[in-house]
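Read through the structure below, which is laid out as structure tokens, and then see the notes.
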Amino acid sequence: MSKRLKLHLAYAALLGALSSCDATPPPVAVAPLAVNLPTPRADAMVLIPAGAFIMGSEKLDTENKAREFGYSQPWYVDEHPQRTLSLPAYYIDQFEVNNDAFAKFMLSSGRGNPKLLSEQIAKQPPAWAHEPVANIVWQYAYDYCAWAGKRLPSEAEWEKAARGTDGRDYPWGNIWDAKRANAGGGSGVMPVGSFANGVSPYGVHDMAGNVSEWVQDWYQAYPGADFNSQRYGETHKVVRGGGWGGIGHYAVPYFYRTSFRDYEQPSRAFNDIGFRCAQGGRR
16 MSKRLKLHLA YAALLGALSS CDATPPPVAV APLAVNLPTP RADAMVLIPA
66 GAFIMGSEKL DTENKAREFG YSQPWYVDEH PQRTLSLPAY YIDQFEVNND
116 AFAKFMLSSG RGNPKLLSEQ IAKQPPAWAH EPVANIVWQY AYDYCAWAGK
166 RLPSEAEWEK AARGTDGRDY PWGNIWDAKR ANAGGGSGVM PVGSFANGVS
216 PYGVHDMAGN VSEWVQDWYQ AYPGADFNSQ RYGETHKVVR GGGWGGIGHY
266 AVPYFYRTSF RDYEQPSRAF NDIGFRCAQG GRR
């Protein structure tokens, strides 16, 4: 990911009480548990039916916008070639994992200092519990999903859940509408599900804006691609969905498209990257 905003100091301090965000923590050695949350929406999942969908795009950066915004590789090229891909049925979280759910995981799994964590949580405003968790490295997202008896979605599963079967550019259709997503406003994260008019064809929330999301896959070329990025390989994990942003290029619709692929080193954490989980199907 080329440019990101600095971490929120308060939340960085909260997670800093548990571990360093600059180093990948060890996997959690606990059996998967069912998540039983007081907020009924927090663990809601949506069935994505088996079948084919359109993945990727054939778009080209004919206006050379990538150079204008300081990118080292052209836009769209890592989304090529567009193809039809079939997936078995699976479930995906209807909402991004929120702070309340993630805090329960951290306390239950015995990471860090429970007393200090509880004290930090108690200092947060009420809305914090329902905001998507962020500032976490990829391993924490992976471990949370395992603890909940789930897993991170594959890149393909994430994209199908976001765009449906008609190849749409945004979860709600093909025309960008800033009123349907928490994007580029500069006010930070919002409670999950705040944009009911921006859901995907399957009713999945916040797949454009709010926080972008870690998925399972390494950042690799699609089959048959003719573009070779120096970042391909097993060094960067794919990040999907576009974050809330606040300034500059983060408000550009390009970053919120359902086929947009971002990437980041799994040991890094940012205030606009969170995650959601999947279950069933196969990767």
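Taken in order, the sequence shown gives residues 16 to 298; the numbers are from this note's numbering. Glycine included, every Cβ here is placed at the ideal spot set by N, Cα and C.
Select from the options the residue whose C-alpha is nearest the C-alpha of residue i.
i	options	result
Val253	Ile151, Gly260, Arg276, Arg272	Arg276
Gly71	Phe117, Trp162, Arg98	Arg98
Trp229	Gly218, Asp287, Ser215, Gly208	Asp287
Ala149	Ala59, Thr250, Pro206	Pro206
Gly218	Phe110, Tyr269, Glu83	Phe110
Gln231	Asn114, Gly182, Lys165	Lys165
Gly256	Tyr157, Lys175, Leu62	Lys175
Pro96	Lys119, Ala284, Phe210, Phe242	Phe242
Trp173	Gln139, Phe210, Tyr106	Tyr106
Leu102	Arg126, Leu62, Pro140	Leu62
So, for residue i: in the same chain, excluding its five sequence neighbours on each side, which residues have a beta-carbon less than 6 Å away from its beta-carbon?
i	result
Ser274	Gly71, Ser72, Glu94
Trp187	Arg195, Gly213
Using the C-alpha atoms, what's the distance from residue j back to residue i?
i	j	result
Ala116	Asn197	21 Å
Leu22	Asn128	Per-residue confidence for Leu22 stands at a pLDDT of 33, beneath the threshold of 50, marking its modelled position as unreliable; no derived number is given.
Ala81	Tyr269	10 Å
Gly295	His220	20 Å
Tyr247	Ala142	38 Å
Gly182	Pro168	19 Å
Cys292	Ala118	16 Å
Tyr84	Ser123	A small correction: the amino acid at residue 84 is Phe; Tyr does not occupy that position in the sequence shown. Cα to Cα, the separation comes out at about 43 Å.
Leu132	Glu78	49 Å
Val92	Lys130	48 Å
Ala193	Ala177	16 Å
Asp108	Leu75	32 Å
Tyr86	Gln154	27 Å
Trp90	Val267	12 Å
Ala44	Asp58	Low confidence applies to Ala44: its pLDDT is 28, below 50, so where it sits in the model is not reliable, and the reading given next is rough at best. Between Ala44 and Asp58, the C-alpha separation is close to 22 Å.
Lys138	Ala161	28 Å
Ala144	Ile136	9 Å
Gly125	Pro140	24 Å
CB-CB under 7 Å to residue i, same chain, minus the five flanking residues each way: which ones, in chain order?
i	result
Leu100	Ala67, Phe68, Met70, Ala171
Pro64	Ala104
Tyr185	Trp191, Ala223, Tyr271, Arg272, Thr273
Ala38	Its pLDDT being 36, under 50, Ala38 is placed unreliably by the model, and nothing is read from it.
Ala240	His95, Pro96
Gly60	Just to set this straight, residue 60 is Met in the shown sequence, not Gly. These residues qualify, in order along the chain: Tyr106, Ile107, Asp108, Gln109, Gln294.
To which residues of the same chain is residue i closer than 8 Å at the C-beta, ignoring the five residues directly before and after it?
i	result
Gln280	Thr250, His251, Lys252
Beta carbon of residue i, beta carbon of residue j: below 8 Å?
i	j	result
Gly258	Ser215	no
Arg195	Gly179	no
Gly260	Gly208	no
Gln88	Ser244	yes
Tyr278	Tyr234	yes
Phe120	Tyr159	yes
Which whole-angstrom value describes the C-beta separation of residue i and residue j, a residue pair presumed to lie in contact below a C-beta threshold of 8 Å?
i	j	result
Glu134	Asn114	Actually they do not touch by this definition, with Cβ atoms about 15 Å apart.
Ala156	Phe290	4 Å
Ala284	Val112	Actually they do not touch by this definition, with Cβ atoms about 14 Å apart.
Val204	Asn225	6 Å
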